[in-house]
Structures are given as structure tokens and as C-alpha cells.
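Engineer: So that we are looking at the same thing, I have put the structure below in C-alpha cells.
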Amino acid sequence: MFSGCSGDKSKKQVVFFSNKIEAVNTYNELAEKFEKENPNIDVIVSAPPSASTVLKTKLVKDDAPDIISLSADRSYADFVDANILEDLTGKIDMDQVDSIYSDMMKNLELNSKSGVYGIPYALNASGVIYNKDIFKKLGLSIPKTWDEFLGIAQIIKKNGITPFYFTLKDSWTALPPWNTISSTLVDSDFSKKINKGETTFNELYSETTDKIIQLIDYGHSDNFGVGYNDGNVAFAQGKSAMYLQGSYAISPILEVNKDINLGMFVLPATNDTEKNKLVSGVDVYFSISKDSKNKEESIKFINFLLRKDNAQQYIDEQCAFSAIKGVKQKDSKFEALDEYFKSLKVVDFQDHYYPAELPAADMIQTYLLDKNKNKLLNNFQKEWVKANRDYIEK
1 MFSGCSGDKS KKQVVFFSNK IEAVNTYNEL AEKFEKENPN IDVIVSAPPS ASTVLKTKLV
61 KDDAPDIISL SADRSYADFV DANILEDLTG KIDMDQVDSI YSDMMKNLEL NSKSGVYGIP
121 YALNASGVIY NKDIFKKLGL SIPKTWDEFL GIAQIIKKNG ITPFYFTLKD SWTALPPWNT
181 ISSTLVDSDF SKKINKGETT FNELYSETTD KIIQLIDYGH SDNFGVGYND GNVAFAQGKS
241 AMYLQGSYAI SPILEVNKDI NLGMFVLPAT NDTEKNKLVS GVDVYFSISK DSKNKEESIK
301 FINFLLRKDN AQQYIDEQCA FSAIKGVKQK DSKFEALDEY FKSLKVVDFQ DHYYPAELPA
361 ADMIQTYLLD KNKNKLLNNF QKEWVKANRD YIEK
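Residue numbers (UniProt numbering): 1 to 394.
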């Protein structure tokens with residue numbers, strides 16, 4: 001799907017490729033504003049379904065867009081490794097980006113490479129979406145430790161209310177609770193340690209598997225028969241007190257019930273309050289294709305998007321968080337996350353380091369059903385080695 005201007009052939013045309021179909025209107029508004037300030041440049045926003053697959057096809061056909069904007073995960077590392085991204089060192093003012101997110105991008109690289117190849121822009125977060133009215137009715141406050149978290153679930157269940165609404169018919173929905181626990185308990189350099197043979201997933205994920213399985217007991221009667229969309233509707237209708245999901249789920253929930261009184265808090269994965277962290281990764285980054293014929297214009301557009309007024313517009317309209325210094329999400333639904341962002345007690349999603357070939361969601365979904373811990377951890381190790389043959393140190 002192409003959106004935006006059809007393109008005046010007398011102008012420089014910058015193709016901005018994004019995986020954010022839901023953000024097309026925002027990007028088009030920003031592109032129009034940019035074009036008024038830069039009348040000799042057209043920005044064409046492209047946000048097709050299955051964006052990653054479409055992009056890989058374009059790259060194979062030497063038809064790379066000028067600007068690539070995706071979520072920062074293992075695919076970014078593959079792009080850097082394949083040498084298809086422009087080094088933006090000195091071309092973008094990185095001082096305006098919080099360094100913790102620049103470091104996240106750098107940590108994703110499988111073979112650390114000198115230079116700046118991705119500019120962090122917007123962030124999402126994973127944690128606990130909760131019904132404030134139910135919490136108030138039961139006299140509950142936001143938990144700060146794992147034991148408090150389970151204790152709250154027990155109180156809610158005793159009062160005849162479903163604590164968590166699971167949607168495990170869609171296997172990917174096993175990842176949000178998995179990430180919120182494992183990302184706090186396991187260091188972000190785990191992939192390098194695994195590849196060096198310094199540890200195994202049996203060691204790294206043992207506590208995570210023990211903890212995530214405890215949550216299933218506080219689900220509803222059909223944890224594996226309901227999908228994500230139905231879960232959004234159910235939570236919007238007040239059918240559970242909590243929802244283990246990402247911040248992206250809030251918009252569809254509000255579309256069902258704009259009056260629901262909800263908020264979001266960090267899932268406290270440990271009993272040590274100093275070690276609990278907000279799981280938040282780079283949901284939008286900007287890169288420029290090395291083969292772009294419009295690099296100067298592309299750099300100008302990226303610098304325009306990084307301006308505080310434009311970065312603020314993006315996070316306000318997309319219910320997101322910003323990697324740009326001084327740009328804050330002011331919605332009260334996220335007030336419980338403020339202290340973590342301010343103190344930079346933030347850690348990236350574990351699955352951002354997983355290669356596409358690793359069937360993590362399916363394996364975790366199966367574990368939550370059969371509760372076979374050894375099977376899960378052994379499969380994690382086997383599938384990781386299979387998918388990372390080129391990076392495993394012999």
C-alpha cells in the first residue's frame with residue numbers, strides 16, 4: 001500500500017518504507033508538513049502489509065527504498081551484517097537521542113560494527129494493562145514485587161474476577177508475558193554468551209519458565225481458545241482485572257470501550273525492587289539504504305522527524321514513547337511507567353534478539369499447555385543453535 005503524494009517528477013522523491021500501517025496518517029501529515037518547508041522534495045510513504053517480507057523482496061531485486069523504518073529486532077542486525085545500510089555518523093545529531101536506546105540498537109548487532117546505522121525514534125512497552133476501577137473496588141495498589149503481584153492475582157480470583165485474560169489461541173501472545181519476565185531476569189548479552197558456549201538456555205531461562213507457568217492458574221476458563229482481538233474486546237468489557245500485553249493493545253481496547261478506566265504498570269519479575277525494570281524496546285527506527293540516490297534528502301527528512309514538535313506528534317497520535325530527549329508521553333494511563341523512563345531503568349525485549357527462524361512463540365505456547373519445562377529449554381537450545389550456525393563459536 002502506497003500512501004501520500006503521487007509524486008511530482010520534477011522534485012526529488014524520497015520513499016519512506018514503514019511497517020506501521022496504523023501510523024500512515026501520522027506519517028502523511030508529517031510528510032506534508034516537511035514538503036511545505038522543503039518544496040523541492042516529495043516524500044512517498046509506503047506501508048504495505050507483511051512489510052518485512054516485502055522489504056526483503058525489494059532488497060533482492062535491488063529496489064531498496066530510501067528510508068527504512070522498522071522495529072529494532074534481529075532483522076536489523078541482519079541488515080547491518082549484510083552491509084545494506086548507510087553509515088549515518090555525523091549526519092544525524094545523535095545527542096538528541098537518549099543513549100540507552102542507541103546502545104540497544106548497537107547491542108543488537110551480531111558483529112559489532114563501527115558507525116551508526118539505525119536511529120531510534122519511538123518505543124513501545126510491555127507490562128500489565130489493568131482495570132483501575134476493579135483495583136479501586138478491591139482496595140488494590142500497583143505491586144512492586146513478584147510476591148505482591150501473585151498476591152494481588154489471588155485476591156482478585158477470590159473475589160470472583162478473572163485476574164489475567166490470556167489469548168493463547170494466537171501463539172505470539174505468549175511472548176509479552178515471557179518478555180516481561182525474562183528481560184528482567186536475563187541480561188541482554190545472553191545471545192553472545194550462548195554463541196560463545198558460556199551458558200545455555202537451561203541455565204538462563206529456568207527461573208522464567210518457573211514464573212510464567214504460575215500465571216496460567218489465574219487465567220480464564222479457555223486460555224488457549226481465545227485470540228488477541230477477542231481478548232482486547234473481553235478486557236474492554238471488564239472481563240478481567242489485568243491483561244499481560246504491550247502498550248500497542250491499549251488503542252484497540254479503547255476503540256471497543258472509550259470509557260474504560262485503564263492504566264499500565266511494570267510487571268515486577270523479582271522481589272528486589274531495584275532489579276525490576278520496564279521492558280521497552282525500539283519500536284521505530286530510521287535507516288537509509290546504502291544504494292539510495294536521495295541520501296541528502298533522506299537525511300533532511302529524518303532530521304525533521306527528530307525535531308521535538310514532530311516527535312511529540314508521533315507519540316501522541318500513536319500512543320507510544322519517544323527515544324528523543326525531552327519528548328514525553330503525558331497520558332495519565334502511563335504514569336506508573338514514568339519513574340522507570342526517568343531513571344532509565346529500561347531493558348530491551350528478549351525476543352528482539354531471536355532470529356526469525358527460532359519458533360519461540362510456538363514453543364512457549366506449547367510449554368504453557370503441557371508444562372514440560374525440560375522439553376521447552378532443550379528445544380530452545382536446539383533451535384537456537386540451528387538458527388545461529390554462522391555465529392556459534394566452534
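Note that the Cβ used here is the ideal one computed from N, Cα and C, for glycine as well. Keep in mind that this is a model prediction, so the values were computed, not measured.
Using 8 Å for Cβ pairs, my map puts A241 next to F135. What's the rounded Cβ distance?
Structural biologist: Here residue 241 refers to the residue found at position 241 of the sequence shown. Here residue 135 refers to the residue found at position 135 of the sequence shown. Their Cβ separation, rounded to whole angstroms, is 7 Å, which keeps A241 and F135 in contact under 8 Å.
Engineer: Taking Cβ to Cβ, would you say G238 is nearer than 8 Å to N124?
Structural biologist: Position 238 of the sequence shown, counting from 1, holds the residue named residue 238. Position 124 of the sequence shown, counting from 1, holds the residue named residue 124. Result no, Cβ atoms of G238 and N124 do not sit closer than 8 Å.
Engineer: Spell out the partners DSSP gives M363 in its beta bridges.
Structural biologist: Numbered from 1 along the sequence shown, position 363 holds the residue referred to as residue 363. In DSSP, M363 forms no bridge with anything.
Engineer: Tell whether a beta-carbon distance below 8 Å holds between L30 and Q313.
Structural biologist: Your numbering for residue 30 matches position 30 in the sequence shown. Your numbering for residue 313 matches position 313 in the sequence shown. Yes.
Engineer: Quick check: what's the CA-CA separation for D133 versus N261?
Structural biologist: As a first step, residue 133 is located in the sequence shown; it is residue number 133 there, counting from the start. As a first step, residue 261 is located in the sequence shown; it is residue number 261 there, counting from the start. Taking the straight line from one Cα to the other gives about 6 Å.
Engineer: Buried or exposed: where does S126 fall if 16 or more other Cβ atoms within 10 Å of its Cβ makes it buried?
Structural biologist: Counted from its first residue, the sequence shown places residue 126 at position 126. It counts as buried.
Engineer: Tell me, please, which residues DSSP counts as bridged to L358.
Structural biologist: Locating residue 358 in the sequence shown gives position 358, where the first residue counts as 1. Answer is none; L358 lacks a bridge partner.
Engineer: Residues in the same chain with beta-carbon distance under 8 Å from T209, minus the five sequence neighbours each way, listed in chain order, please.
Structural biologist: As a working mapping, residue 209 is identified with position 209 in the sequence shown. Contacts found: Y367, K373, L376 and L377.
Engineer: Tell whether a beta-carbon distance below 8 Å holds between I324 and V97.
Structural biologist: Within the sequence shown, the letter at position 324 stands for residue 324. Within the sequence shown, the letter at position 97 stands for residue 97. The answer is yes: Cβ separation under 8 Å.
Engineer: Where W172 and L85 are concerned, what is the direct C-alpha to C-alpha distance, given to the nearest angstrom?
Structural biologist: Counted from its first residue, the sequence shown places residue 172 at position 172. Counted from its first residue, the sequence shown places residue 85 at position 85. Near 29 Å, if we compare the C-alpha coordinates of L85 and W172.
Engineer: Going along the chain, which residues of its own chain have a beta-carbon closer than 6 Å to the beta-carbon of D348, five neighbours each way excluded?
Structural biologist: Here residue 348 corresponds to residue number 348 of the sequence shown, with the count starting at 1. Same-chain partners within the cutoff: M104, S188 and G281.
Engineer: Would you mind reading off the limits of the alpha helix (DSSP H) that contains G151?
Structural biologist: Reading the sequence shown from its first residue, position 151 is the one you call residue 151. Its alpha helix (DSSP H) spans residues W146 to K158.
Engineer: Quick check: what's the CA-CA separation for S6 versus A320?
Structural biologist: Locating residue 6 in the sequence shown gives position 6, counting from the first residue. Locating residue 320 in the sequence shown gives position 320, counting from the first residue. Caution is warranted here: a pLDDT of 47 is assigned to S6, below 50, making its placement in the model unreliable, and no coordinate value can be reported.
Engineer: Taking its Cβ as the centre, do 16 or more other Cβ atoms sit within 10 Å of D73, making it buried, or is it exposed?
Structural biologist: On the sequence shown, residue 73 is found 73 positions in, with the first residue counted as 1. Buried, by the Cβ-count rule.
Engineer: Would you grab the beta carbon distance between P177 and I212 for me? Rounded to a whole angstrom, and I think it's under 8 Å.
Structural biologist: Reading the sequence shown from its first residue, position 177 is the one you call residue 177. Reading the sequence shown from its first residue, position 212 is the one you call residue 212. Their Cβ separation, rounded to whole angstroms, is 6 Å, which keeps P177 and I212 in contact under 8 Å.
Engineer: Could you check what DSSP says for F341 in three-state terms: helix, strand or coil?
Structural biologist: Here residue 341 corresponds to residue number 341 of the sequence shown, with the count starting at 1. Of the three classes helix, strand and coil, the one that applies to F341 here is helix, per DSSP.
Engineer: Would a C-beta distance cut-off of 8 Å place P65 and S332 closer than the cut-off?
Structural biologist: Here the question's residue 65 lines up with position 65 in the sequence shown. Here the question's residue 332 lines up with position 332 in the sequence shown. No. Outside cutoff.
Engineer: Are V256 and N271 closer than 8 Å when you measure CB to CB?
Structural biologist: Your numbering for residue 256 matches position 256 in the sequence shown. Your numbering for residue 271 matches position 271 in the sequence shown. No, the Cβ-Cβ distance between V256 and N271 is not below 8 Å.
Engineer: Which class does V54 belong to by DSSP, given the choice of helix, strand or coil?
Structural biologist: For the purposes of this step, residue 54 is identified with residue 54 of the sequence shown, where counting begins at 1. Three-state DSSP puts V54 in a helix.
Engineer: Inspect the CB distances between the region 40-55 and the region 11-23 and report whether three or more fall short of 8 Å.
Structural biologist: Contact between the region 40-55 and the region 11-23 is present, because at least three Cβ pairs lie under 8 Å.
Engineer: Could you tell me which of T53, S71 and P355 sits nearest to E383, measuring between CA atoms?
Structural biologist: To locate residue 383, count along the sequence shown from 1; it is residue 383. Of the candidates T53, S71 and P355, the one whose C-alpha sits nearest the C-alpha of E383 is P355.
Engineer: Quick one: using the 10 Å Cβ neighbour count with 16 as the cut-off for buried, is V326 buried or exposed?
Structural biologist: One-based indexing of the sequence shown puts residue 326 at position 326. Going by the sequence as given, residue 326 is Gly instead of Val. Exposed, because fewer than 16 other Cβ atoms sit within 10 Å of the Cβ of G326.
Engineer: Under DSSP, the beta strand (DSSP E) around V128 begins and ends at which residues?
Structural biologist: Your numbering for residue 128 matches position 128 in the sequence shown. Element bounds for V128: I119 to N131.
Engineer: Would a C-beta distance cut-off of 8 Å place Q318 and A122 closer than the cut-off?
Structural biologist: For the purposes of this step, residue 318 is taken as the residue at position 318 of the sequence shown. For the purposes of this step, residue 122 is taken as the residue at position 122 of the sequence shown. Result yes, Cβ atoms of Q318 and A122 sit closer than 8 Å.
Engineer: Please state if the CB of I92 and the CB of I315 are separated by a distance shorter than 8 Å.
Structural biologist: Numbered from 1 along the sequence shown, position 315 holds the residue referred to as residue 315. Numbered from 1 along the sequence shown, position 92 holds the residue referred to as residue 92. No, Cβ-Cβ distance for I315 and I92 is not below 8 Å.
Engineer: In whole angstroms, what is the alpha-carbon distance linking I142 and G90?
Structural biologist: Counting from one through the sequence shown, the residue named residue 142 turns up at place 142. Counting from one through the sequence shown, the residue named residue 90 turns up at place 90. Those two C-alpha atoms are separated by around 43 Å.
Engineer: Quick check on DSSP: helix, strand or coil for S3?
Structural biologist: Within the sequence shown, residue 3 is the residue found at index 3, counting from 1. Note that S3 scores a pLDDT of 44, beneath 50, so its modelled location is shaky; the value from the coordinates is reported in the next line. S3: strand per DSSP, three-state reduction.
Engineer: Where does I134 sit, in a helix, a strand or coil, going by DSSP?
Structural biologist: Reading the sequence shown from its first residue, position 134 is the one you call residue 134. Three-state DSSP puts I134 in a helix.
Engineer: Residues in its own chain within less than 7 Å of V54 by CB, not counting five upstream and five downstream?
Structural biologist: Start at 1 with the first residue of the sequence shown, and residue 54 comes out as number 54. So the qualifying residues of the chain are P48.
Engineer: Can you find the residues in the same chain that come closer than 8 Å, C-beta to C-beta, to K56, ignoring five residues on each side of it along the sequence?
Structural biologist: Here the question's residue 56 lines up with position 56 in the sequence shown. Answer for K56: no residue qualifies.
Engineer: Mind pulling the beta strand (DSSP E) runs of 3 or more residues that sit fully within the region 261-305?
Structural biologist: Complete beta strand (DSSP E) runs here, min 3: 262-265 and 278-288.
Engineer: Name, in chain order, the residues that DSSP records as bridge partners for Y243.
Structural biologist: Translated into positions along the sequence shown, residue 243 becomes position 243. Bridge partners of Y243: I129.
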